[in-house]
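*Asks:*
Protein chains: 2
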Amino acid sequence: MPDAPEVPRPDADDEDDARIVEAVIYLYTESRRLTKELARAFGLTGPQVTALKLLDAMGGMSLSDLSARMSARNSTVTGIADRMERDGLVERQRDENDRRVVRIRLTPRGRALSRQIPVESMEVFGAALRALDPKDRRDLRRILRRLSDRVEEEVKKTERHLEQVAEGDAP
Amino acid sequence: MPDAPEVPRPDADDEDDARIVEAVIYLYTESRRLTKELARAFGLTGPQVTALKLLDAMGGMSLSDLSARMSARNSTVTGIADRMERDGLVERQRDENDRRVVRIRLTPRGRALSRQIPVESMEVFGAALRALDPKDRRDLRRILRRLSDRVEEEVKKTERHLEQVAEGDAP
DNA sequence: GCGGGATATTTCGCATACGAAACTTCTCCC
DNA sequence: GGGAGAAGTTTCGTATGCGAAATATCCCGC
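Here you go:
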C-alpha cells in the first residue's frame with residue numbers, strides 16, 4: 000500500500016508540495032524496489048540482503064543492533080534471522096557476558112554469498128547524489144535537514160492533538 | 000524492515016550522502032507512522048484510512064483505480080477491501096457496463112467515519128513544507144526533481160547490468 | 001459469432017512489519 | 001543478597017505487500 004501520506008486537496012498552490020512529496024516517495028520506493036530486485040537474483044529478499052551486508056560489514060552484532068540498523072523492530076528481525084538461519088546463512092549465539100543478548104554472525108556460506116552481491120547495485124541513490132552539482136548537494140542536505148526538524152516539531156504537536164481527537168472510535 | 004537502501008561504506012566523503020538518504024527515509028517512514036497512529040485512534044489501519052479518504056473524495060472507484068492511487072498492487076488492495084467490507088465500511092458492486100470491474104463505494108457508516116477523521120493530521124509533511132523559506136522550497140523541488148531523474152537513469156543502467164550478474168544464485 | 005489475446009479481480013503462498021505479552025537475564029537499590 | 005524493575009529476545013495475532021496462477025469478462029479480428 001505504502002500509505003501515501005498525501006490525500007488529494009483541490010488547492011492550486013499545493014501542486015509544488017505534492018511534487019516534493021512524490022519525489023520523496025519515489026526515491027524511497029525505488030531504492031527499496033531495487034534492493035529487492037537485486038536480492039531476487041541471489042535467491043534472497045530485500046531485508047535479507049540488507050542484513051547480510053550489514054553483518055558482513057560489522058562482523059556480527061546483537062539482534063537489537065541489527066534491528067536498529069535496519070530501522071525495524073526486534074520482533075520483525077527475529078523472523079528474518081529465523082529464515083536466514085534456516086537457510087544456513089547466519090548463526091545465533093548467546094552472548095557470554097550478557098546472556099540476554101543474542102549475537103548473530105554470518106556462516107561461511109553467508110559470508111561467501113554476501114561477497115558475491117555487488118554493492119554498486121545498491122548504490123543507485125549514492126551514484127545519483129554524486130552526480131549532482133556540489134552546491135545542490137549542500138543545499139539539498141541543508142534543506143532536508145531543516146525539513147526534518149520541522150516535521151519533528153509538527154509530529155510532537157500533532158501527537159498531543161491526536162489524543163483529544165480520538166473520541167469518535169469505530170469498528 | 001524497510002530495506003534501508005544504504006549500507007555502511009568506510010569512505011569519508013559519503014557522510015553527506017548518508018545524511019541525505021537518512022533524511023529521505025526519515026521523512027517517508029515518519030509520515031507513514033503518523034498515518035498509522037492517526038488511523039489507530041479510529042480503529043483503523045494506515046492503508047484503510049488512505050482508502051477511506053480516497054473513496055470519500057472520489058465517490059467510489061474501481062479496485063484497480065484505488066490500487067493505483069494507493070501505489071499498491073491489486074492483490075494487496077483486494078485484502079484491504081475485504082477487511083473494510085467485513086467491517087461494514089465499504090461495499091463492492093460489479094460494474095454493469097464492464098462486468099470484470101468491481102466498483103468500491105463507502106457505506107454510510109464508512110462515509111461518516113471518513114468525515115470524522117481530520118485531514119490536517121495527515122498533512123504534517125505539507126505543514127512543514129509550507130513553513131520552509133519559499134526559495135528553499137523552490138530549490139528543494141528543483142534538486143529533488145533532478146535527483147529523481149538521475150536515479151531513473153541509474154535504474155535503467157543497473158537493471159541491464161543485473162541480468163548479467165545473476166549467475167551466482169544461492170539458497 | 002467465435003476463438004484467442006487482453007484486462008480486472010481474486011486466490012494462494014510467502015515474507016515483512018508491528019504491538020502486546022511472555023520469558024530470561026541483568027542491574028540497581030535498599 | 002534479594003527483590004523490583006529494566007533490558008533483550010521471542011511468541012502470537014493481525015495486516016500489509018508482492019508475484020504467480022486461476023477466473024471471469026471483454027474485445028478484436030476474421
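Protein sequences, first through last, are from chains A and B. Using numbering that gives the first Met the number 0, you'd call the opening residue of the first sequence number 0 and step up by one each time. Using numbering that gives the first Met the number 0, you'd call the opening residue of the second sequence number 0 and step up by one each time. Each residue gets a CB set at the ideal place from its N, CA and C atoms; glycine is no exception.
1. Mapping the DSSP letters down to three states, classify Ala169(B) as helix, strand or coil.
2. For Arg31(A), does the count of other Cβ atoms within 10 angstroms reach 16, so buried, or fall short, so exposed?
3. Under three-state DSSP, which class holds Val76(A)?
4. List the residues that DSSP assigns as beta-bridge partners of Leu105(A).
5. Just the Cα atoms here: how many angstroms apart are Ala111(A) and Thr44(A)?
6. Examine the Cβ distances between the region 90 to 101 of chain A and the region 136 to 149 of chain A and report whether three or more of them are shorter than 8 Å.
7. Closer than 7 Å by beta-carbon distance: list the chain A residues that pair up with Ser220(B), in chain order.
8. Using the beta-carbon of each residue, which ones in chain B are nearer than 9 Å to Asp135(A)?
9. Can you give the Cα-Cα distance for Leu88(A) and Leu105(A), rounded to whole angstroms?
10. By a C-beta neighbour count over all protein chains shown, 10 Å radius and 16 as the cutoff for buried, is Arg125(B) buried or exposed?
11. So what does Met60(A) bridge to, in DSSP terms?
12. Using a Cβ-Cβ cut-off of less than 8 Å, give me the residues of the region 60 to 71 of chain A that come near chain B, in sequence order.
13. Please tell me whether Gly58(B) has its Cβ less than 9 Å away from any Cβ of chain A.
14. Contact between the region 40 to 59 of chain A and the region 73 to 80 of chain A is defined here as three or more beta-carbon pairs at a separation below 8 Å; is this criterion met?
15. How close, in whole Å, do the beta carbons of Ser113(A) and Asp55(A) come, if the pair is a contact with beta carbons under 8 Å?
16. Should Val123(A) be flagged as near chain B, meaning a C-beta pair shorter than 9 Å?
17. Considering just the uninterrupted stretch of the alpha helix (DSSP H) at Arg98(B), what are its terminal residues?
18. Measuring only the C-alpha atoms, how far is Leu128(B) from Met60(B)?
19. Under a CB-based cut-off of 9 Å, is Ala80(A) close to chain B?
20. With a threshold of 6 Å on Cβ separation, who are the neighbours of Leu33(B) within its own chain once the five nearest residues in sequence on each side are excluded?
21. Give the residues from the region 103 to 118 of chain B that approach chain A closer than 7 Å (Cβ to any Cβ), ordered along the chain.
22. Quick check on Ala40(A): does DSSP put it in helix, strand or coil?
23. Shorter than 9 Å from the beta carbon of Glu84(B) to some beta carbon of chain A?
*Replies:* So, to answer that:
1. Counting from one through the second sequence, the residue named residue 169(B) turns up at place 170. For Ala169(B), the predicted model reports a pLDDT of 37, less than 50, meaning its position is unreliable and no value from the coordinates is stated.
2. As a first step, residue 31(A) must be located in the first sequence, where it is residue number 32. Under this definition Arg31(A) is a buried residue.
3. Along the first sequence, one-based indexing puts residue 76(A) at 77. Correct three-state label for Val76(A): helix.
4. As a first step, residue 105(A) must be located in the first sequence, where it is residue number 106. Answer by DSSP bridge pairing, in chain order: Val89(A).
5. Walking along the first sequence from the start, residue 111(A) turns up at place 112. Walking along the first sequence from the start, residue 44(A) turns up at place 45. Roughly 17 Å between the two C-alpha positions.
6. no
7. Since the first residue of chain B shown is 0 and the last is 170, residue 220(B) is not available in this structure.
8. Sequence index remark: in the first sequence, residue 135(A) carries index 136 (1-based). Per Cβ cutoff of 9 Å: Asp138, Arg141, Ile142, Arg145 and Leu146.
9. The residue labelled residue 88(A) in the question sits at position 89 within the first sequence. The residue labelled residue 105(A) in the question sits at position 106 within the first sequence. Each residue's alpha carbon lies about 6 Å from the other.
10. Here residue 125(B) refers to the residue found at position 126 when the second sequence is read from its first residue. Rather than Arg, the amino acid found at residue 125(B) in this sequence is Gly. Residue environment: Gly125(B) is assigned as buried (16 or more neighbouring CB atoms within 10 Å of its CB, all protein chains considered).
11. The sequence position of residue 60(A) within the first sequence is 61, counting from 1. DSSP lists Ile103(A) as partners of Met60(A).
12. Arg68, Met69, Ser70 and Ala71
13. If you number the second sequence from 1, residue 58(B) lands on position 59. False, the Cβ-Cβ gap to chain A never drops below 9 Å.
14. The way I'd put it, the region 40 to 59 of chain A does touch the region 73 to 80 of chain A; three or more beta-carbon pairs between them come closer than 8 Å.
15. Position 114 of the first sequence holds residue 113(A). Position 56 of the first sequence holds residue 55(A). The beta-carbon separation of Ser113(A) and Asp55(A), rounded to 4 Å, stays under the 8 Å limit for a contact.
16. In the first sequence, the residue the question calls residue 123(A) occupies position 124. For Val123(A), the nearest CB of chain B lies under 9 Å from its own CB, placing it at the interface with that chain.
17. If you number the second sequence from 1, residue 98(B) lands on position 99. First-last for Arg98(B): undefined, no H or E at that position.
18. Position 129 of the second sequence, counted from the first residue, corresponds to residue 128(B). Position 61 of the second sequence, counted from the first residue, corresponds to residue 60(B). Leu128(B) and Met60(B): Cα-Cα distance of roughly 30 Å.
19. In the first sequence, counting from the first residue as 1, residue 80(A) sits at position 81. No, because no Cβ of chain B sits closer than 9 Å to the Cβ of Ala80(A).
20. On the second sequence, residue 33(B) is found 34 positions in, with the first residue counted as 1. Here the set comprises Val123.
21. Leu112, Gln115, Pro117 and Val118
22. The residue labelled residue 40(A) in the question sits at position 41 within the first sequence. Ala40(A): coil per DSSP, three-state reduction.
23. Taking the first residue of the second sequence as 1, we reach residue 84(B) at position 85. No, Glu84(B) does not count as interfacial toward chain A.
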